């Protein structure tokens with residue numbers, strides 16, 4: 001059971017730290033300088049952690065299974081980082097900006113899940129989406 005919830009706990013905890021750090025980045029700092037230090041830190045941490053994920057492949061051999069998604073993810077991450085940093089710089093509250101963007105994201109991923117991953121979508125989920133959209137309207141009034 002713990003292996004089921006542990007990834008979600010990691011995502012939530014990391015997101016809290018992420019948003020606090022984004023909101024706390026100095027307004028005068030060049031956003032690309034901040035991103036460079038962020039990614040250098042992430043690269044170093046990944047390099048140090050690499051040996052702890054045991055597989056039958058070596059370091060260089062493990063790259064042979066990658067495809068375009070790693071490059072696309074890099075582009076997406078830069079977009080996420082810049083979008084959040086700029087949202088906070090223009091005045092979004094930490095308690096609202098993340099909520100608004102994540103609700104919109106969740107709603108927009110529904111057709112992606114249905115069309116590309118053959119995920120189901122039941123009546124109770126439709127009600128959930130309606131409540132989320134109502135919540136978005138209420139939050140932004």
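Residue numbers (full-length UniProt numbering): 1 to 141.
C-beta atoms are modelled at their ideal positions from N, C-alpha and C, and glycine is treated no differently.
Since we're looking at a predicted model, the values are computed, not measured.
Residue 139 places its beta carbon 8 angstroms or farther from that of residue 107. A direct Cα-to-Cα measurement between residue 58 and residue 65 gives close to 12 angstroms. In terms of Cβ geometry, residue 26 and residue 82 do not form a close pair [threshold 8 angstroms]. Per DSSP, reduced to three states, the secondary structure at residue 141 is coil, with no helix or strand assignment. Boundaries of the alpha helix (DSSP H) around residue 71: 68-89. Cα atoms of residue 3 and residue 52: separation of roughly 17 angstroms, rounded to the nearest angstrom. Under the three-state reduction of DSSP output, residue 30 falls in the coil class, being neither helix nor strand.
Cα atoms of residue 74 and residue 130: separation of roughly 32 angstroms, rounded to the nearest angstrom.
With a threshold of 16 other beta carbon atoms within 10 Å, residue 84 meets it and is buried.
Separation of residue 23 and residue 89 (C-alpha to C-alpha, rounded to the nearest whole angstrom) is 8 angstroms.
Here residue 94 has 19, 23 as same chain residues with Cβ atoms under 6 angstroms from its own Cβ, once five neighbours each way along the sequence are excluded.
Taking C-beta atoms under 8 angstroms as the contact rule, residue 69 and residue 62 fail to qualify, at a distance of about 15 angstroms.
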